[in-house]
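Working notes, structure below.
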Amino acid sequence: MFRLAVRSSLARAAPRAAPQVAARSFLTSIPRLSDHAEPMIQGPGGKTGEVPTDFEQATGLERFELLYKLKGEEAFSLEPLEVTRAAGVDNPIKVFSLDHERIVGCTGFPVDSHDTILFPVGDSKATRCPECGTAYQVDFQGADHGDHHH
């Protein structure tokens with residue numbers, strides 16, 4: 001037992017060598033590029049000494065919406081879903097989406113039979129409204145990418 005105590009204290013007292021780390025600049029690394037890059041939704045930016053307009057400084061979804069408004073169109077569908085039947089899990093109401101999941105607001109069947117309840121709906125299986133039981137499922141229409149860049 002004494003031997004173990006002496007050995008552990010000697011091991012702690014011995015100087016440890018620092019791990020060797022290669023000193024390398026990030027500029028020497030080969031950049032990883034993808035052949036299917038997303039288009040940049042970015043404005044030109046403001047001119048020096050001037051206050052930029054919304055169009056010049058908008059990026060991402062805000063710019064996407066502005067470009068559609070300039071064409072006189074809506075970027076996103078703001079119309080309510082047409083619910084003409086009480087849909088079950090075997091025949092759900094399909095909801096258009098460019099993603100695999102979407103938030104749906106159900107007002108019941110017949111329409112306005114209960115307050116709006118928001119819940120996520122996916123494309124893998126139908127999801128029921130917790131109030132009225134109407135089933136919804138995403139009708140995925142987007143590009144399916146295996147690489148998820150966040």
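Here full-length UniProt numbering is used: the first residue of the sequence shown is 1, the next is one more, and so on.
We treat Cβ as the ideally placed atom computed from N, Cα and C, and that holds for glycine.
By alpha-carbon positions, which one of A86, V104, S77 and S124 ends up nearest to T116? If we check each option's Cα against that of T116, V104 comes out closest.
Using the DSSP secondary-structure output, state which residues sit across from D139 in a beta bridge. Answer is F96, bridged to D139.
Following the continuous alpha helix (DSSP H) through E65, name the residue where it begins and the one where it ends. Residues G60 to L70.
According to the neighbour-count rule (16 or more other Cβ atoms, all chains shown, within 10 Å of its Cβ), is F55 buried or exposed? Around the Cβ of F55, a 10 Å sphere holds fewer than 16 other Cβ atoms; the residue is exposed.
What first and last residue would you give for the beta strand (DSSP E) that runs through T101? According to the sequence shown, residue 101 is Glu rather than Thr. First-last of the beta strand (DSSP E) with E101: E101 to C106.
Can you tell me the Cα-Cα spacing of H114 and D90, whole angstroms? Annotation: H114 to D90 spans about 23 angstroms, alpha carbon to alpha carbon.
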